[in-house]
Amino acid sequence: MAAALAAVVRTVMVLGLGLSVGEALSLDLYEETCPQVEAAVTAAVRQAMAKDSTVAAGLLRMHFHDCFVRGCDASVLLDSTGNVTAEKDGPPNVSLHAFYVVDNAKATLEAQCPGVVSCADILALAARDAVALSGGPSWVVPVGRRDGRVSLASETATLPGPRASFEQLKQAFHARGLSTKDLVVLSGGHTLGFAHCSSFQDRIFSSLEEGQGGIMGMDPSLSPSFAASLRRACPPNNTARAAGSGLDATSAAFDNTYYRMLQAGRGLLASDEALLTHPKTRAFVALYAASQEAFFRAFAKSMLRMGGLNGGDEVRANCRRVNNNKP
Ligand code: HEM
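All letters in the sequence shown, in the order written, are residues -24 to -1, 1 to 303 by mature numbering (1 follows the signal peptide of the UniProt record, and there is no 0).
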């Protein structure tokens, strides 16, 4: 009876998105088959971060974009093939980076314990390490995710965009079995990293145009001095593709500055600002702005919830390609 119930839970489909919640992840799956898994992933992340301070943000966002499309099944890691454009080449993912870090960890693990550790597990562990090595919390990552065989650029359209309204954000999280609190907590991932001008340019100029969620224009909720500094970083005729801004003022450090900036009218994306529109989410923002400890505790929990979405069916030999063992 209990087993039957567990099977039902495992196969509950979340609003037709193809995600199942409650897959049987384990704390000791690799204990005998690949005990060096944690050390290998941590070493790969640490080595990359020592050379490039943007790697941590890249890995954290990569894990989020993986989990939100078909569950955490490493579908985001697959390269496009002759006839299929993969998630990686979908519009929200073209700015993802640091794929080589997962490749490096995978190469080490394939040499030590071939065919054992999934790419999805490596990415979940790498995201955790990226946060911890940036000064954030750490947590134990249950493992046993399987890698998917399908990756479609078209499905990245379901990822929430930078102009999403509060309702759209809530819907994107609820559709994956995540709560409104998870939305506020995981948006705190924007304590790391960078956004290109195109992600917020329509908030800093006064010319009105049709945006995704209605008419966009100079956003009155932005602090005027912050808007002015963003206009300097992203002039209207800007042609520098790498131009943009840190998502918070301490973008290489995992801390609660993101929430304090939000409260000060210095949230970079319209989707960040949207967290202030509802009293419930505004209260969470205030809580995490006041207590980094509360944010860290909540972030670890929400990452575990997001990382528990799984949907794959094999352990890939190469994270960029599906295995060649099926007809
Ligand atoms: C709530 C909905 C979210 C939206 C609409 C959103 C949107 C964005 C956008 C537009 C960027 C900038 C992309 C660019 O211009 O290059 C970005 C960056 C980033 N996002 Fe999010 N995001 C969301 C949630 C999350 C979550 C849940 C996480 C992780 C827990 C996350 C982690 C990051 C990180 C770390 C970066 C910086 C990436 C880098 O510097 O390479 N985001 N996000």
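Each residue gets a CB set at the ideal place from its N, CA and C atoms; glycine is no exception.
Residue i - partner residues in DSSP beta bridges
i: A266; result: Partner(s): none; A266 has no beta bridge.
i: P56; result: One detail in the question is off: residue 56 reads as Ser in this sequence, not Pro. In DSSP, S56 forms no bridge with anything.
Helix, strand or coil at residue i according to DSSP, with G and I counted as helix
i: S2; result: strand
i: S71; result: coil
i: S247; result: helix
i: N294; result: strand
i: E185; result: Bear in mind that the predicted position of E185 carries a pLDDT of just 49, short of 50, making it unreliable; the figure below should be weighed with that in mind. It is a strand residue.
i: N286; result: strand
i: G137; result: coil
i: G91; result: coil
i: L145; result: helix
i: Q12; result: coil
i: C173; result: helix
i: P255; result: helix
i: A274; result: helix
i: residue 304; result: Residue 304 lies beyond the stretch modelled for the chain, which goes from -24 to 303, so this question has no answer here.
i: S155; result: coil
i: S51; result: helix
i: M25; result: helix
i: N80; result: helix
i: T61; result: coil
i: A96; result: helix
i: D195; result: coil
i: A19; result: helix
i: E86; result: helix
i: R217; result: coil
i: R46; result: coil
i: G66; result: coil
i: N299; result: coil
Run of the alpha helix (DSSP H) containing residue i, from where it starts to where it stops
i: F202; result: P200 to A209
i: G241; result: Counting along the chain, G241 falls outside any alpha helix (DSSP H), and DSSP gives it neither H nor E.
i: D42; result: V31 to C43
Start and end residues, beta strand (DSSP E) containing residue i
i: F230; result: Counting along the chain, F230 falls outside any beta strand (DSSP E), and DSSP gives it neither H nor E.
i: H166; result: Unbroken run through H166: none, as it is neither H nor E.
i: G220; result: G220 to G222
Contact with chain C by residue i, beta-carbon distance below 8 angstroms
i: V126; result: The structure shown has no chain C; it contains just one protein chain.
#### Entry: Ordered list of beta strand (DSSP E) runs contained in the segment 99 to 133, each at least 3 residues
none
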